[in-house]
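**Q** This note's numbering puts the sequence shown at residues 34 to 262. Every residue gets a Cβ at the ideal spot worked out from N, C-alpha and C, and that includes glycine. Bear in mind the structure is a predicted one, so any value in this text is a computation, not a measurement.
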Amino acid sequence: MEQQKKCPLQAVIFDVDGLMLDSERLVQRSWDITGEKMGYGPLGHNIYHTLGMNLKGREEYFKSVYGQEFPFDKFTEAYREESRKIQEAEGVPVKKGLLELMTFLKKEGFALAVATSSSQERTREKLKGCGVWGDFSVIICGDQVRRSKPDPEIYEKAGAALGADPGKTLVLEDSQNGLRSALNAGMLPIMIPDILKSAPDLEPLIEAKLEDLTEVIPYIEEHFYREKL
34 MEQQKKCPLQ AVIFDVDGLM LDSERLVQRS WDITGEKMGY GPLGHNIYHT
84 LGMNLKGREE YFKSVYGQEF PFDKFTEAYR EESRKIQEAE GVPVKKGLLE
134 LMTFLKKEGF ALAVATSSSQ ERTREKLKGC GVWGDFSVII CGDQVRRSKP
184 DPEIYEKAGA ALGADPGKTL VLEDSQNGLR SALNAGMLPI MIPDILKSAP
234 DLEPLIEAKL EDLTEVIPYI EEHFYREKL
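#1: Who does Leu-132 pair with in a DSSP beta bridge?
#2: Start and end of the alpha helix (DSSP H) containing Glu-123?
#3: Is there a C-beta anywhere in chain B that falls below 8 Å from the one on Thr-247?
#4: With DSSP run on the structure shown, which of helix, strand or coil describes Ala-194?
#5: Output the distance between the C-alpha atoms of Asp-48 and Glu-114, rounded to the nearest integer angstrom.
#6: Which residues in the same chain have their Cβ closer than 7 Å to the Cβ of Ser-63, if we skip the five residues on either side of it in sequence?
#7: For Cys-40, count neighbouring C-beta atoms within 10 Å of its own C-beta (all shown protein chains included) and say buried if the count is 16 or more, exposed if not.
#8: With DSSP collapsed to three states, give me the class of Ile-239.
#9: Can you tell me where the beta strand (DSSP E) holding Val-249 begins and where it ends?
#10: Which same chain residues, not among the five before or five after Leu-195, have their C-beta less than 6 Å away from its C-beta?
#11: Got a sec? Which residues, its chain only, sit under 6 Å from Thr-83 by beta carbon, not counting five neighbours each side?
#12: Since Pro-226 and Asp-207 are thought to touch, with beta carbons under 8 Å apart, how far apart are those beta carbons, to the nearest angstrom?
#13: Pair every Cβ in the region 210-225 with every Cβ in the region 97-110, then say whether three or more of these pairs are closer than 8 Å.
#14: Would Thr-156 be called buried (16 or more neighbouring beta carbons within 10 Å of its own) or exposed?
#15: Write down every uninterrupted run of the beta strand (DSSP E) in the region 171-236 whose length is 3 residues or greater and which is fully enclosed by it, in chain order.
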């Protein structure tokens, strides 16, 4: 494809959980274990309704389903301890193709950011754990925004910090809430399925749906050229 038939691309913004790390299944398991211990039964199925939400969004969801008396703070503390035990025993796998993709994007000179619903502290731990902590010029976390995904605030904030044109910014996401957030911010979301395998309502609206991160490099090479900020 000739360059004039490609589109300009300035920046790429990443989600973290379920996109860089195979961490959503770990959370799901820890919710099951914690729910059983607290007398609510397995709670892991709720992850399908909360993917992409920050802590406040998840609290609102759980209390809407299980009642305002649901002890969300206690549940959160307990499931994080279960997650820690699983992580220590098994680790959290890095998603296939992530490191190769990061090498490509840095070499090509794209502006890079993270927009994740995790807290700043937990995001730092996760990115250091998979060796990409120093690769992003902007990192926006769930405790730095007022409104959770699917609200566009987190992607708008990340894009503004980069100084990138929203229409020239790719977003890599695995959740419906994340895809909607990026769409609402006027960006170009690519779905990389994780626990959620499809999003029929959104797929006609997004830039693309790819199998995994290994397909991102050829997609960018075919459809875009880098435009300097």
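**A** Let me lay it out:
#1: Bridge partners of Leu-132: none, in fact.
#2: 105-123
#3: Structure shown: chain B not included; a single protein chain is present.
#4: helix
#5: 23 Å
#6: Tyr-112, Glu-115, Ser-116 and Ile-119
#7: exposed
#8: coil
#9: Where Val-249 is concerned, there is no enclosing beta strand (DSSP E), although the alpha helix (DSSP H) it sits in stretches over 249-256.
#10: Ala-44, Ala-144, Ala-146 and Val-171
#11: Arg-91 and Tyr-94
#12: 6 Å
#13: no
#14: buried
#15: 171-174, 202-206 and 221-224
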